[in-house]
Amino acid sequence: MYEFERVLTFSQQELLSPVQAVGYSLLNFVVDLIFAAIIIFIGYVVAWAVHWGVKYLLDKAKIDKWLKKHNLDKSIGFASVSSLGASLVKWYIFLIFLIPAVSYITLGELTPLLLSIVQWLPHVIVGIAIVMFGLILADFISDKMGKAKGAAVKHLKNVVRILIMVFVAIIALQEVGIYLRLAESTFLILLTGVTLALSLALGIGFGLGFKDEASQMLKKWRKNW
Numbered sequence: 000m001y002e003f004e005r006v007l008t009f010s011q012q013e014l015l016s017p018v019q020a021v022g023y024s025l026l027n028f029v030v031d032l033i034f035a036a037i038i039i040f041i042g043y044v045v046a047w048a049v050h051w052g053v054k055y056l057l058d059k060a061k062i063d064k065w066l067k068k069h070n071l072d073k074s075i076g077f078a079s080v081s082s083l084g085a086s087l088v089k090w091y092i093f094l095i096f097l098i099p100a101v102s103y104i105t106l107g108e109l110t111p112l113l114l115s116i117v118q119w120l121p122h123v124i125v126g127i128a129i130v131m132f133g134l135i136l137a138d139f140i141s142d143k144m145g146k147a148k149g150a151a152v153k154h155l156k157n158v159v160r161i162l163i164m165v166f167v168a169i170i171a172l173q174e175v176g177i178y179l180r181l182a183e184s185t186f187l188i189l190l191t192g193v194t195l196a197l198s199l200a201l202g203i204g205f206g207l208g209f210k211d212e213a214s215q216m217l218k219k220w221r222k223n224w
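In numbering that gives the first Met the number 0, the protein residues as written are 0 to 224.
If you want it as structure tokens, here you go:
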């Protein structure tokens, strides 16, 4: 009889152990999910608050009006820089909060994969911001060069614009984890060539501009000697 009770007790323990393990795992998962939800909620609230603050400051600074005045709103498809910039900041902050939230959730082998994706997404946001700034900068410098007096400088404005855009694209791709060594080397070669061309153009323009003054100085020098 004693042996039968011992076997029965052992069998009950064998049956209950897997059930208890599943119960503990489920309870831990629910608790972790609650913590993750709390972090996500806090991050969402903070992100929206910062979004509102950034949007307010950019509107006060009249960034959109300044870009429109200088015909630079076309650089990003006539979109509102204030709204777009504030949205990028909002999602960046939200993703920063999302990283610890995802780390709380235990999904086995899926957790490292999800965590790596979430950690990568903020870099995408930064890359978009870099491209947006680069497009505006390229058009701004191109427009300024187009208003220059030298014909050579005007002809080079499109080349400079393309080089700036390529440079910005390389930086943005590096930010998201894509490295282009060949593109970097090619860009440096092109940049050197354009720099030499600009220096030559400016030198010629400077020389032509002071041609008369140089002639007069030469005549005076000959007269004195």
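Where a beta carbon is used, it is the ideal one built from N, C-alpha and C, also for glycine.
Note that the coordinates shown come from a computational prediction; the quantities given were computed from them, not determined experimentally.
Quiz item: Just the Cα atoms here: how many angstroms apart are L172 and P121?
Solution: Going by the C-alpha atoms only, they are around 13 Å apart.
Quiz item: Is it buried or exposed for S115, if we count other Cβ within 10 angstroms and need 16 for buried?
Solution: Answer is exposed; the Cβ neighbour count stays below 16.
Quiz item: How is the alpha helix (DSSP H) around G84 delimited, first residue to last?
Solution: Where G84 is concerned, the enclosing alpha helix (DSSP H) starts and stops at 80-103.
Quiz prompt | CA-to-CA distance, L25 to I35, given in whole angstroms | solution = What sits at residue 35 in the sequence shown is Ala, not Ile. Roughly 15 Å between the two C-alpha positions.
Exercise. Starting from the C-beta of L94, find all residues in its chain whose C-beta is less than 8 Å away, skip the five residues before and the five after it, and write them out in chain order.
Key: Cβ within range, chain order: V117, L120, P121, I124.
Quiz item: What separation, rounded to the nearest whole angstrom, lies between the Cα atoms of L32 and G107?
Solution: Going from the Cα of L32 to the Cα of G107 covers about 14 Å.
Quiz item: Using the C-alpha atoms, what's the distance from N27 back to K68?
Solution: The C-alpha of N27 is placed about 58 Å away from the C-alpha of K68.
Self-check item: Span of the alpha helix (DSSP H) around K143
Solution: Judged by DSSP secondary structure, K143 falls within the alpha helix (DSSP H) whose first and last residues are 109-145.
Exercise. Could you check the C-alpha separation between W65 and L109 for me, to the nearest Å?
Key: Across the structure, W65 and L109 are spaced so that their CA atoms are roughly 47 Å apart.
Quiz prompt | Residue range of the unbroken alpha helix (DSSP H) whose run includes D63 | solution = Run containing D63: 62-68, per the alpha helix (DSSP H) assignment.
Self-check item: Expected contact under 8 Å - CB spacing of A137 and I39 to nearest Å
Solution: In this structure A137 is not in contact with I39, their Cβ atoms being roughly 37 Å apart against a cut-off of 8 Å.
Self-check item: Sub-8 Å separation of A46 and I98 beta-carbons
Solution: For the pair A46 and I98, the CB atoms are not nearer than the 8 Å cut-off.
Quiz item: Does DSSP classify F77 as helix, strand or coil?
Solution: Correct three-state label for F77: coil.
Quiz item: Alpha carbon to alpha carbon, what distance is there between L57 and W220?
Solution: For W220, the predicted structure reports a pLDDT of 43, less than 50, and the residue's modelled location is therefore unreliable. A value from the coordinates is still provided. When rounded, the distance between both Cα atoms is 59 Å.
Exercise. Take F77 and list the residues in its own chain whose beta-carbon comes closer than 7 Å to its own, dropping the five residues that flank it on each side.
Key: A distance below 7 Å between beta-carbons, with the five flanking residues on each side excluded, links F77 to no residue of its chain.
Exercise. Look up G176 in the DSSP assignment and say whether it is helix, strand or coil.
Key: Coil, per DSSP.
Quiz prompt | Residue nearest to S82 in terms of C-alpha spacing, selected from F96, L71, L113, D63 | solution = Answer by Cα proximity: D63.
Self-check item: Given A85 as reference, the closest of V53, K73, I163, I135 once Cα atoms are compared
Solution: Restricting attention to V53, K73, I163, I135, the CA atom closest to the CA of A85 is found in V53.
Quiz item: Just how far apart, CA to CA, sit I203 and L155?
Solution: Low confidence applies here, because I203 scores a pLDDT of 48, under 50, leaving its location unreliable and the question unanswered by this model.
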